[in-house]
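S.K.: Got a structure for you, written out below as structure tokens; questions coming shortly.
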């Protein structure tokens, strides 16, 4: 008997008849074979939502379909990957947020006469119709107002971090109580509108990087903690830990910390000491929670055990540190630095999804849901060949954000700027893929979505 089942119920020993839906996928073309554990894993990682099995030739799935409908809550989105070959893995420590560039090809400029080819998103298994948790639903405050508020809050938080780092360099005790009021304000902003402060904090100058990076990681940690439905006290601890995660850099030599280029091996060994120094500084200052200490010490551990300082692996790494690893890297690679241009938000998500073993898969998937497959500020190509920048997420679908159209990719000419809600029933357009702002020579893309 042929029956369709969601990929989460697939098991080794089932007979794979074909893919669900229309049976097509840009990567998976085989059909009619007995599933092994490896093949089940490949299908899941590839973003396949549903498969058809033959219960007469292999194991059945007696629990499916369920007795009662669940309003589609079990449906999974299939975000197709346009590149069947795996991306190159980053070198060890290549995503160190201080200086080490990610080892991967930078986007190459397009020839003036050639239209830009769409680059689609890496498969990330995420509910296509599942809203963000009720706890993270936005208030009705317009995003424009929240962006303006976020700009002021970012500057206030940056000033506080400059002060905190300066005091730490002079040997003064570091107290988490100094940042608690700001963390509460950041948490309130993320609650009102998750995208605003996270997007603003990403736009940092190189001389602000160390300080605004702390602010951005704080906001990202709060948004991720809410997505994971952690209790209120853990959400607060995640924010404080995110704000203080890099305090150990205050003990690093300034000529190394502020070097406008990639570090030598010896300099990198020095920088790798900052998690331990941060832990010691917080411990000596007193008042730091075990969560803040843990995040400072282990936010550079990797899920496969190749991180530092202790080579922890899997769930041996505390949850908040696994969260910190994702948030720290995302902000690092999506921020401009003197030796490396930022990847766009959507490109950063796509790259991170390809780094197998670096992040806890469940935490990373929750992170994607918290910021969106196409985060605010992402440059996307629509199926109509119009280019647009993402301006706001849609609570009910990661694939249909609000966008601002401004360019015709086919004709290579600007168009009248207009907003489009891809989730609207009257909208027939959809996102075809992500694009590189550098390849299109759009250096001022942020002006399209930032107020003022």
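Residue numbers (my numbering): 149 to 600. Even for Gly, the Cβ is constructed at its ideal location relative to N, Cα and C.
In the DSSP assignment, the beta strand (DSSP E) including residue 555 goes from what residue to what residue?
M.R.: Counted from its first residue, the chain shown places residue 555 at position 407. Its beta strand (DSSP E) spans residues 545 to 556.
S.K.: Could you round the C-beta distance between residue 370 and residue 335 to whole angstroms and report it? I think they count as a contact, below 8 Å.
M.R.: As a first step, residue 370 is located in the chain shown; it is residue number 222 there, counting from the start. As a first step, residue 335 is located in the chain shown; it is residue number 187 there, counting from the start. Right, the Cβ-Cβ distance comes to about 5 Å (below 8 Å), so this counts as a contact.
S.K.: Excluding the five sequence neighbours on either side, which residues of its own chain have a C-beta within less than 8 Å of the C-beta of residue 165, listed in chain order?
M.R.: Taking the first residue of the chain shown as 1, we reach residue 165 at position 17. Hits under 8 Å: 150, 179, 180, 199, 200, 201 and 202.
S.K.: Report the option in 384, 346 and 300 whose CA atom is closest to the CA atom of residue 328.
M.R.: Mapped onto the chain shown, residue 328 falls at position 180. Nearest option by C-alpha distance: 384.
S.K.: Could you tell me if the beta carbon of residue 167 falls within a distance shorter than 7 Å of some heavy atom in the ligand ZN?
M.R.: Judged by which ligands are present, the structure shown has none, so any question about the ligand ZN falls away.
S.K.: Let me know the beta strand (DSSP E) ranges lying completely inside the region 325 to 353, each 3 residues or longer, listed in chain order.
M.R.: If we require 3 residues or more, the region 325 to 353 turns out to have no beta strand (DSSP E) run fully inside it.
S.K.: So what does residue 579 bridge to, in DSSP terms?
M.R.: Working through the chain shown from its first residue, we reach residue 579 at position 431. Paired residues: 530.
S.K.: On the CB-based measure, 16 or more other CB atoms within 10 Å of its CB, does residue 346 come out buried or exposed?
M.R.: Along the chain shown, one-based indexing puts residue 346 at 198. Answer is buried; the Cβ neighbour count reaches 16.
S.K.: Taking the beta carbon of residue 507 as the centre, do at least 16 other beta carbons fall within 10 Å, making it buried, or is it exposed?
M.R.: Start at 1 with the first residue of the chain shown, and residue 507 comes out as number 359. It is buried - the Cβ of residue 507 has at least 16 other Cβ atoms within 10 Å.
S.K.: Report the CB separation of residue 316 from residue 395 in whole angstroms; it is logged as a contact under 8 Å.
M.R.: As a position in the chain shown, residue 316 is number 168, starting the count at 1. As a position in the chain shown, residue 395 is number 247, starting the count at 1. About 6 Å separates the two Cβ atoms, so the contact holds.
S.K.: Suppose you measure from the CA of residue 397 to the CA of residue 436; what does that come to, to the nearest Å?
M.R.: For this step, residue 397 is matched to residue 249 along the chain shown. For this step, residue 436 is matched to residue 288 along the chain shown. Spanning the two alpha carbons is a distance of roughly 17 Å.
S.K.: Quick check on residue 510: buried or exposed, where buried means 16 or more other Cβ atoms within 10 Å of its Cβ?
M.R.: Sequence index remark: in the chain shown, residue 510 carries index 362 (1-based). The residue in question, residue 510, is exposed, as its Cβ has fewer than 16 Cβ neighbours within 10 Å.
S.K.: State the Cα-Cα distance for the pair residue 542 and residue 294, rounded to the nearest angstrom.
M.R.: Start at 1 with the first residue of the chain shown, and residue 542 comes out as number 394. Start at 1 with the first residue of the chain shown, and residue 294 comes out as number 146. So the two alpha carbons sit approximately 16 Å from each other.
S.K.: Helix, strand or coil, according to DSSP, for residue 165 in the structure here?
M.R.: Position 17 of the chain shown holds residue 165. DSSP places residue 165 in strand when its eight states are reduced to three.
S.K.: By a C-beta neighbour count over all protein chains shown, 10 Å radius and 16 as the cutoff for buried, is residue 300 buried or exposed?
M.R.: Position 152 of the chain shown, counted from the start, is the residue given in the question as residue 300. So residue 300 ends up on the exposed side.
S.K.: For the region 353 to 363 against the region 301 to 310, do three or more pairs of beta-carbon atoms, one drawn from each stretch, fall closer than 8 Å, so that the two count as touching?
M.R.: Verdict: yes, contact present.
S.K.: Going by the beta-carbon positions, is the gap between residue 564 and residue 596 smaller than 8 Å?
M.R.: Position 416 of the chain shown holds residue 564. Position 448 of the chain shown holds residue 596. Against a cut-off of 8 Å, the Cβ pair of residue 596 and residue 564 comes out as no contact.
S.K.: Tell me which residue opens and which closes the alpha helix (DSSP H) that residue 413 is part of.
M.R.: In the chain shown, counting from the first residue as 1, residue 413 sits at position 265. Element bounds for residue 413: 413 to 419.
S.K.: Candidates 590, 530, 338 and 547: which alpha carbon is nearest residue 558's?
M.R.: Against the chain shown, residue 558 aligns to sequence position 410. The shortest C-alpha separation from residue 558 is found at 530.
S.K.: Grab me the residues of residue 256's own chain with a C-beta within less than 8 Å of its C-beta, minus the 5 sequence neighbours each way, in chain order.
M.R.: Numbered from 1 along the chain shown, position 108 holds the residue referred to as residue 256. Caution is warranted here: a pLDDT of 32 is assigned to residue 256, below 50, making its placement in the model unreliable, and the coordinate value is therefore given only provisionally. The answer, listed in chain order, is 587.
S.K.: Please report the distance separating the alpha-carbon of residue 192 from that of residue 157.
M.R.: Here the question's residue 192 lines up with position 44 in the chain shown. Here the question's residue 157 lines up with position 9 in the chain shown. For residue 192 and residue 157, the distance between alpha carbons rounds to 10 Å.
S.K.: Contact defined as beta carbons within less than 8 Å: I believe residue 516 pairs with residue 497. What is the distance between those atoms, to the nearest angstrom?
M.R.: For the purposes of this step, residue 516 is taken as the residue at position 368 of the chain shown. For the purposes of this step, residue 497 is taken as the residue at position 349 of the chain shown. Correct: roughly 6 Å between the Cβ atoms.
S.K.: So residue 467 packs on residue 430, CB below 8 Å; how close in whole Å?
M.R.: If you number the chain shown from 1, residue 467 lands on position 319. If you number the chain shown from 1, residue 430 lands on position 282. Incorrect: roughly 19 Å between the Cβ atoms, too far for contact.
S.K.: Between which two residues does the alpha helix (DSSP H) harbouring residue 313 extend?
M.R.: Within the chain shown, residue 313 is the residue found at index 165, counting from 1. Counting along the chain, the alpha helix (DSSP H) containing residue 313 begins and ends at 291 to 317.
S.K.: Compute the distance between the beta-carbons of residue 518 and residue 433, then report whether it is under 8 Å.
M.R.: Stepping through the chain shown from its first residue, residue 518 is reached at position 370. Stepping through the chain shown from its first residue, residue 433 is reached at position 285. Their beta carbons are not under 8 Å apart, which means residue 518 does not touch residue 433 by this criterion.
S.K.: Helix, strand or coil, according to DSSP, for residue 199 in the structure here?
M.R.: Taking the first residue of the chain shown as 1, we reach residue 199 at position 51. Reduced to three states, the DSSP call for residue 199 is strand.
S.K.: Within its chain, find whatever has a CB closer than 8 Å to the CB of residue 532; leave out the 5 residues flanking it on each side and keep chain order.
M.R.: For this step, residue 532 is matched to residue 384 along the chain shown. Correct list, in chain order: 577.
S.K.: For residue 394, name the three-state secondary structure that DSSP assigns.
M.R.: Here residue 394 refers to the residue found at position 246 of the chain shown. Residue 394 falls in the coil class under three-state DSSP.
S.K.: Can you grab the Cα-Cα spacing for the pair residue 209 / residue 152, in whole Å?
M.R.: Residue mapping note: residue 209 aligns to position 61 of the chain shown, counting from 1. Residue mapping note: residue 152 aligns to position 4 of the chain shown, counting from 1. In a straight line, the C-alpha of residue 209 is about 10 Å away from that of residue 152.
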